[in-house]
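In the working numbering, the protein residues as written are 86 to 458. Ideal placement from N, C-alpha and C gives every residue a C-beta, glycine not left out. The structure appears right after this line, and notes come after that.
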Amino acid sequence: MANKKNVKGNSFTWIQSFAPESVERVTNGDSLAEPLHVEIHPHHSSTELCNNSCPGCTGLVYRKQEIGDKGIKPERLIKTIDSFKGKARRVIFSGNCIEPLMYPDIKEVIKHIRESDVVFYLYSNFYYGNQEGLIEELVNTELDDYARISLNAGSNDSYNLVHRPKDTNSFHRIIENGERLARLKTERDSPLFVHVTYLLNNYNCGKEDLEFAVMWASRNKGINGIRFTTYQKPLGRSMPKMARIPEEDFLKARDYLHELKREFDRDDFKVEITNEQVVLQQKIKPFERCYVQEVFAVIGFDGTVYPCTSMASPSSPEIYKFGNINQENFWDIWERRKRKANFSLEKCFDCTRAESEINSGFQGLREQYTSHV
């Protein structure tokens, strides 16, 4: 089921490029037999949620709660992944509130993804990228796999302010891990796409930080690009203080990033600046239903299957908790009527940018379809 289309991300554009036949089915009101991708937040009860304590991270809320023995049992995680063979097309290991590479024996889990012949995406801060054999496992692919390093800083000092890591020398270790990944990818001619992301805020928008991040990513052949973006303000919620960049400082940073883009862009490396606003205001939902849950599945850090990344929280209302892979078969949960129900959007948390784009895209196609029926 793996696909070699060179389109990254989980946006509506990716769905249209990856599975146009599924877009047509969902637009016509039909259900998909299997999700296009499954996003998993792999966490084990024996570890902490994350090695960082970034202000504004969802995980800060969980750290103030009693999470007890919540987590995904290794045998259940592996069994679930094995069941994806010939069905799901992509598996994403992402954080949301955890660091995926903290999961015990993560290399063995990734091996099972490889054996299931699905495209693999990893979103990580990459502090644990130095585990023995991990980078070798990441580059050992023939598919269009993807590794995203969330850097968000251009110096050790700014990294400590942005991420509040337990190890105050984390930045240097991540830089070394990223360099080794890029080097081994190049040596083995791996198709793995390596992407660095940088969320601008009040602590990391100075020229020195921006210049270091772009120059470092650019000179390491094997890193395909670096993407800069700003915070999105959720409806009804306050922004972390560090996200409130003074307008003048943001404009200087944005203009300098465009200079760096002109200097360092090349065919095999891109500097991306995804928005021109200091803060993106979350949009009021312009769609009538959730289409994300019809094409994607999300397994939260406690093993619960949720409709989307935004709702992957133990504090979500019960209507958005479809079952738990620690006790049940994933495909039984996927087929459950509760999951397929067109639930009300009134109690939903704010959509992520990608989720809003996907829902709006399907809504537009649905309106076109109904107008011609």
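Under the three-state reduction of DSSP, T315 is assigned to coil, being neither helix nor strand.
Taking E357 as reference, the option from R422, P185, H129 and S303 with the minimal CA-CA separation is S303. When DSSP reads this structure, F178 sits in a beta bridge with I125 and L207.
For T282, the enclosing beta strand (DSSP E) begins and ends at F278 to L284.
The DSSP assignment places complete beta strand (DSSP E) segments of no fewer than 3 residues inside the stretch 228–300 at 231–235 and 278–284, in order along the chain.
Ranked by how close their Cα comes to the Cα of K425, the residues V111, S116 and E261 have S116 in first place.
One Cα belongs to E160, the other to C436, and the distance between them is close to 31 Å. For the stretch 321–404, the continuous alpha helix (DSSP H) assignments of 4+ residues that do not extend past its boundaries occur at 332–349 and 377–380, in sequence order. Sequence-distant partners of V390 (beyond 5 residues in either direction) whose C-beta falls short of 8 Å from its own C-beta, in its chain, are A382, V383, I384, K406, F407, G408, N409, I410, F415, I418, W419 and R424. Of the candidates K170, H129 and I166, the residue whose Cα lies closest to the Cα of D154 is H129. Around the C-beta of S209, 16 or more other C-beta atoms lie within 10 Å, and the residue is accordingly described as buried. Only buried fits Q378, as 16 or more other CB atoms lie within 10 angstroms of its CB. For A104 and V123, the gap between their C-alpha atoms comes out near 15 Å. Assigned with DSSP and collapsed to three states, G310 falls in strand. S102: member of the alpha helix (DSSP H) spanning F97 to F103, first to last residue. A straight line joining the alpha-carbon of Q453 with that of D353 spans about 38 Å. Counting of Cβ neighbours within 10 angstroms places G218 among the exposed residues, the total staying below 16. Around the C-beta of E109, fewer than 16 other C-beta atoms lie within 10 Å, and the residue is accordingly described as exposed. Nearest neighbour of F434 by Cα position, chosen from N444, V176 and T394, turns out to be T394. The continuous alpha helix (DSSP H) containing I191 extends over residues I191 to E200. Just measuring C-alpha positions, the residue of H126, Y188, V224 and E261 sitting nearest T132 is Y188. If you look at E222, you'll find it in the alpha helix (DSSP H) that goes L219 to V224. Counting only the Cα atoms, L134 lies some 28 Å from C375. Between R249 and C182 a beta carbon distance of about 15 Å is seen, past the 8 Å cut, so the two are scored as non-contacting. Within the same chain, and ignoring the five residues on either side of L121 in sequence, the residues whose Cβ sits closer than 8 Å to its Cβ are I100, F103, A104, S107, A173, R174, R175, V380 and F381.
Closest in C-alpha terms to F211, from the list S235, D230 and N444, comes S235.
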